[in-house]
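So the structure is just underneath, and the comments pick up after that.
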């Protein structure tokens with residue numbers, strides 16, 4: 057089944073990427089057969105960015121939902137970069153950063169919210185190398201930020 061058909065079946069509609077014109081960067085950059093996805097933050101159901109620390113303001117399950125929202129946003133970035141999500145060969149590497157309290161230790165569980173969606177969509181090709189790390193702070197105080205590298209044809 058085509059990836060976009062799977063997404064429709066799951067009720068997921070990836071948004072178009074948006075980067076403010078004032079920033080000197082892109083949502084994605086291609087080098088060879090790799091597309092690098094810029095770090096992105098989460099949005100809640102109202103479209104707001106969840107601000108706060110995991111372990112104090114949010115638990116790991118809530119934060120995993122935030123990570124999944126980033127995966128959906130990155131699908132929109134991939135579609136913008138490649139034109140067709142079926143061009144994805146594999147998800148190569150993911151870096152997940154969690155804005156958390158110093159005693160929080162469930163970073164992998166949080167970033168699983170991102171990883172699990174790609175495994176569901178691409179199976180073994182959705183499995184990737186990954187780092188899940190805690191940070192003292194993230195831009196604007198957002199709870200989670202994730203970047204990725206994807207191989208395509």
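Numbering (the numbering used here), first residue to last: 57 to 209.
Each residue gets a CB set at the ideal place from its N, CA and C atoms; glycine is no exception.
These numbers come from a predicted model, not from an experiment.
| Query | Result |
| --- | --- |
| When the Cα atoms are used, what is the spatial distance from residue 210 to residue 88? | As shown, the chain starts at 57 and ends at 209. That puts residue 210 outside it, with no answer to give. |
| Report the three-state DSSP secondary structure of residue 143 (helix, strand or coil). | helix |
| What residue from 168, 164 and 178 has the CA that sits closest to residue 23's CA? | The first residue shown for the chain is 57 and the last is 209, placing residue 23 beyond what the model contains. |
| Report yes if the C-beta distance between residue 138 and residue 70 is below 8 Å; otherwise report no. | no |
| Would you identify the three-state DSSP class for residue 190, choosing helix, strand or coil? | strand |
| According to DSSP, what are the bridge partners of residue 149? | 185 and 205 |
| In the DSSP assignment, find the alpha helix (DSSP H) that holds residue 134 and state where it starts and stops. | 116–138 |
| Mind checking who residue 93 pairs with in its DSSP beta bridge? | 84 and 204 |
| Can you tell me whether DSSP reads residue 168 as helix, strand or coil? | helix |
| Could you tell me whether the segment 188–196 touches the segment 141–154, using the rule of 3 or more Cβ pairs below 8 Å? | yes |
| Let's see if you can read the secondary structure: which residues bound the alpha helix (DSSP H) around residue 79? | Neither: residue 79 is in no alpha helix (DSSP H) and is coded neither H nor E. |
| I'd like the span of the alpha helix (DSSP H) that includes residue 180, first residue to last. | It is not in any alpha helix (DSSP H) - residue 180 carries neither H nor E in the DSSP assignment. |
| Alpha carbon to alpha carbon, how far is residue 145 from residue 133? | 16 Å |
| Measure the beta-carbon distance from residue 136 to residue 83 and round it to whole angstroms, keeping in mind my assumption that it falls under 8 Å. | 7 Å |
| When the distance is taken between beta carbons, is residue 129 closer than 8 Å to residue 165? | no |
| For residue 125, which residues from the same chain have a beta carbon less than 7 Å from its beta carbon, with the 5 sequence-adjacent residues on both sides left out? | 98 and 99 |
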